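Colleague: Per UniProt numbering: the sequence shown = residues 1 to 253.
First the structure, then my questions, so here it is.
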Amino acid sequence: MSSAVSFSLRGRTALVTGARRGIGAAIATGYAAAGADLVLLARDAALEETLEAIKENGGEATVVTADFRDPTAVEKAAADLAAERQIDILVNNAGTIHRAPAVSTASSDWQHVIDVNLNSTWAVTRPIGAAMVERGAGKIITIASLLSFQGGITVPAYTASKHAVAGLTKALANEWGPAGVQVNAIAPGYISTDNTTELRADPEREAAIRDRIPAGRWGRPEDVVGAAIFLASAAADYVNGHVLAVDGGWLAR
Numbered sequence: 001m002s003s004a005v006s007f008s009l010r011g012r013t014a015l016v017t018g019a020r021r022g023i024g025a026a027i028a029t030g031y032a033a034a035g036a037d038l039v040l041l042a043r044d045a046a047l048e049e050t051l052e053a054i055k056e057n058g059g060e061a062t063v064v065t066a067d068f069r070d071p072t073a074v075e076k077a078a079a080d081l082a083a084e085r086q087i088d089i090l091v092n093n094a095g096t097i098h099r100a101p102a103v104s105t106a107s108s109d110w111q112h113v114i115d116v117n118l119n120s121t122w123a124v125t126r127p128i129g130a131a132m133v134e135r136g137a138g139k140i141i142t143i144a145s146l147l148s149f150q151g152g153i154t155v156p157a158y159t160a161s162k163h164a165v166a167g168l169t170k171a172l173a174n175e176w177g178p179a180g181v182q183v184n185a186i187a188p189g190y191i192s193t194d195n196t197t198e199l200r201a202d203p204e205r206e207a208a209i210r211d212r213i214p215a216g217r218w219g220r221p222e223d224v225v226g227a228a229i230f231l232a233s234a235a236a237d238y239v240n241g242h243v244l245a246v247d248g249g250w251l252a253r
């Protein structure tokens, strides 16, 4: 028996949600470089930069559209994909955030965040995961957050949703692990993406965050790619139900 560890994704098809930019685009591009074919599930088909990056890294991608504010539409798109082709890897990356004090967070704003971050994650995962369970193999990776562990400030819906996806990760790992499906999550730290624009624009808040990170800098979307490739590869066949922090050491402080 060979003792070599493989991180190759050659011959695999990966479904990545929310891949227009940021972490999702970086993971999709990294997967292409690792040999995977891509299916990108997004709100609309305007993914030119990501598609070009995938092509430059030797990959091919198909785009499917669904509005993540509508979990019913997302579930239909996912079910159609599961019926049409084999999805070996699912990355649940699509997400949103609403920043406001709890007392001024409207129910509609709360529901929007929960629908995108939690309900649509479930809507994708159930049909894709069911096909994986039937086949006896698959990798599911959900993008969680440091706020899967902490409370944060003025982001109650986001925090609730990210705690929930961490719990869902563990619940599905328990159910689907015996069928050969590994379900894990990645909790990125403070990454330079659209979601953190407001924080980085505030000089005091930006400095306070950066000063607490042992790595001494904000993360980049590319910093998450290695963990995403690892969890999608055969190297992680015995990793299940884990939330992997990629945070520059933030949680160690």
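For every residue, glycine included, the Cβ atom is placed at its ideal position computed from N, Cα and C.
From a predicted model like this one, the values you see are computed outputs, not experimental measurements.
(1) So, helix, strand or coil for aspartate 37, using DSSP?
(2) Answer with buried or exposed for glutamate 75, where buried requires no fewer than 16 other C-beta atoms within 10 angstroms of its C-beta.
(3) Comparing C-alpha positions only, which one of Val243, Asn195, Pro178 sits nearest to methionine 132?
(4) Alpha carbon to alpha carbon, how far is leucine 231 from alanine 187?
(5) Please confirm whether threonine 29 and isoleucine 54 have their CB atoms less than 9 Å apart.
(6) For valine 245, which of helix, strand or coil comes out of DSSP?
(7) Of the choices Phe7, Ile87, Ser107, Val165, whose alpha-carbon is the least far from that of proline 127?
(8) In the DSSP assignment, find the unbroken alpha helix (DSSP H) run with glutamine 111 in it and report its ends.
(9) Going along the chain, which unbroken runs of the alpha helix (DSSP H) with 4 or more residues stay wholly within the region 120 to 148?
(10) How would you call aspartate 223, buried or exposed, if buried means at least 16 neighbouring beta carbons within 10 angstroms?
(11) Drop a sphere of 10 angstroms on the beta-carbon of leucine 244, count the other beta-carbons inside from all chains shown, and report buried for 16 or more, exposed for fewer.
(12) Going by the beta-carbon positions, is the gap between arginine 21 and threonine 142 smaller than 9 Å?
(13) Could you give the uninterrupted runs of the alpha helix (DSSP H) lying entirely in the region 23 to 69, keeping only those of 4 residues or more?
(14) When the Cα atoms are used, what is the spatial distance from alanine 100 to glycine 219?
(15) Within the continuous beta strand (DSSP E) that includes valine 183, where are the two ends?
(16) Taking 8 Å as the threshold, find out whether the region 118 to 126 comes into contact with the region 65 to 82 through three or more Cβ pairs.
(17) Could you tell me the distance, in whole angstroms, from the CA atom of alanine 236 to the CA atom of serine 120?
(18) Less than 8 Å between the CB atoms is what I'm expecting for alanine 61 and leucine 40, so what's the real figure, rounded?
(19) Given this structure, state the Cα-to-Cα distance separating alanine 102 from valine 183, to the nearest angstrom.
(20) Which same chain residues, not among the five before or five after threonine 72, have their C-beta less than 8 Å away from its C-beta?
(21) Exposed or buried, which one is serine 233 when buried takes at least 16 other CB atoms within 10 Å?
Modeller: So, from the listed chains and residues:
(1) strand
(2) buried
(3) Pro178
(4) 13 Å
(5) yes
(6) The residue asked about is misnamed: residue 245 is alanine in this sequence, not valine. If DSSP states are grouped into helix, strand and coil, alanine 245 belongs with the strands.
(7) Ile87
(8) 107 to 114
(9) 120 to 135
(10) buried
(11) buried
(12) no
(13) 48 to 56
(14) 24 Å
(15) 181 to 188
(16) yes
(17) 25 Å
(18) 6 Å
(19) 31 Å
(20) Ala123
(21) buried
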